[in-house]
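Those sequence lines, one after another, are chains R and B.
Going left to right, the first sequence walks through residues 1 to 185 as UniProt numbering numbers them.
Going left to right, the second sequence walks through residues 1 to 185 as UniProt numbering numbers them.
Number of protein chains: 2
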Amino acid sequence: MTRNLRSDALDNRQRILEAARTIFATDGMDVPMREIARRAGVGPATLYRRFPTKQALATEAFAEQMDACHVIVDEGLADPDPWHGLCLVIEKLCELHARDRGYTTAFTTAFPHAVDLAAKREAALASLAELSRRAKSTGHLRSDFVLDDLILILMANGGLHATSTHARVAASRRFAALAIQAFRA
Amino acid sequence: MTRNLRSDALDNRQRILEAARTIFATDGMDVPMREIARRAGVGPATLYRRFPTKQALATEAFAEQMDACHVIVDEGLADPDPWHGLCLVIEKLCELHARDRGYTTAFTTAFPHAVDLAAKREAALASLAELSRRAKSTGHLRSDFVLDDLILILMANGGLHATSTHARVAASRRFAALAIQAFRA
DNA sequence: ACGGTAGTGGACGCCTGCGTCCGTTTAGCT
DNA sequence: AGCTAAACGGACGCAGGCGTCCACTACCGT
């Protein structure tokens, strides 16, 4: 996709993505496209040419966050102690979402349209299901835990607002601890 | 405040508040003032004359929700079993916020400006502190519980999005149950 | 070095929401 | 019934975001 671009165009594209990542993370999702273009040092037309819709931009911009999600889940699954692994997953996912303000909203709202992400999401959920199954079998995780509970927690974690990123991360950490308490058998 | 109004003006005022309550509850807070006026069957000017800012409108519109909050807290405080009272407070507050989409955001964002509400809020928090103190003394509530945890939970509860009110309430119910688990000693 | 073409960004028109003005209507008192 | 002031709402101008067009720029192959 990025092959046939001229060198300067590719450069601009990179700068747009970088700017988008920064702004989305700090200011959230409802930022004018103009502002992103301004920060990237390009005109609006260039931005629109590369990314026709804000969705498309967000999808690309958050690709690495998506990868980070899967790494986290895989690490959890690889942990010899399933319960410990699950706890880590919860803590890390909460923190990831707290650090990046736009990611949560992009993740939840952008989702129905991004088909390729859906597949990855399914895979991650399957891994989480397996992890929780194992954690239950060790007796540390409540037997009535369902996967929806975890999703519920993540969605709720997204509701944690604060003025600074630092405060948001702190709140998220405390919240993750509470969630783990709630899930403990 | 509503004394010196002419009868038709007062009638319009009532209709505006009613429309605002309905719309805020279902569609959330970012609804054009125009839309509220339209539903109330008045012109924009009338709406702006009665409520110069959306804040002012929201404050009045959610007055009864605020009262409901305090009733809930008082009921919890009156419960002979403090832990049971606290659980009821959590469940009811979560449900109240889930039912009314705009209330949570209005509550959190409008707050610094509404001075008279601040006093009520302080009173409610004091009651909650007392209730949690008692619940701790019975040994049912975790000793390391702090009031901020409850606020954290309420904020997180506000992050629960869903297409229908019904689904949101259901999610909120499950969430409240998890929160109670997390707080149990 | 130069021509062709991919790439650029300023500028434009459109739309939506905001807050206010002013000519008209209507309640309420006599 | 008639008068007056309160109340109304359509209409206006403003501001900001959106998506697109087109004259100009600069990369790249020869």
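Backbone N, C-alpha and C fix where the C-beta goes; we use that ideal spot for every residue, glycine too.
In chain order, what residues of the same chain lie with their CB nearer than 8 Å to the CB of residue i, ignoring the 5 residues before and after it?
i	result
B/Val-146	none
R/Ala-78	Gly-85
R/Cys-87	Ile-180
B/Gly-158	His-97, Thr-104, Thr-105 and Thr-108
When the Cα atoms are used, what is the spatial distance from residue i to residue j?
i	j	result
B/Phe-24	R/Asn-4	49 Å
B/Thr-165	R/Val-42	43 Å
B/Glu-35	B/Thr-53	14 Å
B/Gly-102	B/Arg-49	22 Å
R/Ile-72	R/Gln-65	10 Å
residue 245 of chain B	B/Ala-182	What is shown of chain B runs 1 to 185, which leaves residue 245 of chain B out entirely.
R/Pro-32	R/Arg-173	31 Å
R/Gln-55	B/Asp-8	48 Å
B/Asp-27	B/Arg-13	21 Å
R/Asp-100	R/Val-89	17 Å
B/Arg-6	B/Arg-15	14 Å
B/Glu-130	R/Met-29	40 Å
B/Leu-93	R/Leu-93	27 Å
At least one CB of chain R closer than 8 Å to the CB of residue i: is that the case?
i	result
B/Ala-182	yes
B/Gly-43	no
B/Asp-149	yes
B/Gly-158	yes
B/Leu-128	no
B/Leu-93	no
B/Met-29	no
residue 196 of chain B	In the structure displayed, chain B extends from 1 to 185; residue 196 of chain B sits before or after that span and is not available.
Anyone know if the C-beta pair for residue i and residue j falls short of 8 Å?
i	j	result
R/Val-169	R/Glu-95	yes
R/Phe-104	R/His-97	It should be noted that the sequence gives Thr, not Phe, for residue 104 of chain R. Yes, the pair counts as a contact, with Cβ atoms nearer than the cut-off.
B/Ile-153	B/Ala-135	no
B/Ala-185	B/Leu-141	yes
B/Ala-171	B/Ala-162	yes
B/Pro-17	B/Glu-75	This sequence places Leu at residue 17 of chain B; Pro is not what is there. The answer is no: Cβ separation not under 8 Å.
residue 209 of chain B	R/Ala-156	Residue 209 of chain B lies beyond the residue range present for chain B, which begins at 1 and ends at 185; the question has no answer from this structure.
B/Ala-118	B/Ala-58	no
R/Pro-80	R/Thr-138	no
Among residues of its own chain, excluding the 5 on either side of residue i, which ones have a beta-carbon nearer than 6 Å to its beta-carbon?
i	result
B/Ala-37	Pro-44 and Leu-47
R/Ala-19	Ile-36, Arg-39 and Ala-40
B/Phe-62	Tyr-103 and Ala-106
R/Phe-51	Leu-57
R/Arg-21	Ala-61
R/Glu-91	Ala-176
B/His-70	Ala-124
B/Lys-120	none
R/Ala-167	none
Would you verify that the beta carbon of residue i is, or is not, closer than 8 Å to some beta carbon of chain B?
i	result
R/Asp-175	A small fix is needed here, since residue 175 of chain R is Phe in this sequence, not Asp. Closer than 8 Å: yes.
R/Ala-171	yes
R/His-161	yes
R/Leu-152	yes
R/Pro-108	It should be pointed out that residue 108 of chain R corresponds to Thr in this sequence rather than to Pro. Answer yes: the Cβ-Cβ gap between R/Thr-108 and chain B drops below 8 Å somewhere.
R/Ala-179	yes
Note down, in chain order, each residue of its chain lying with its Cβ closer than 7 Å to the Cβ of residue i, except the 5 sequence neighbours on either side.
i	result
R/Leu-125	Leu-147
B/Gln-132	The question names Gln, yet the displayed sequence has Ser at residue 132 of chain B. Within the same chain, B/Ser-132 has close Cβ partners Leu-86, Leu-141, Phe-145 and Leu-147.
R/Ala-68	Leu-96
I'd like to confirm something about residue i: is its beta-carbon nearer than 7 Å to some heavy atom of the ligand COA, or not?
i	result
B/Met-66	Annotation note on the ligand COA: not contained in the displayed structure, which lists no ligands.
At what residue ranges does the UniProt domain "HTH tetR-type" (10 to 69) of chain R contain a whole run of the alpha helix (DSSP H), taking only runs of 4 or more?
33 to 40, 44 to 50 and 54 to 61
Mind pulling the alpha helix (DSSP H) runs of 4 or more residues that sit fully within the stretch 87 to 127 of chain R?
101 to 109
Report the residue ranges of all beta strand (DSSP E) runs contained in full by the stretch 143 to 178 of chain B; include only those spanning at least 3 residues, in chain order.
none
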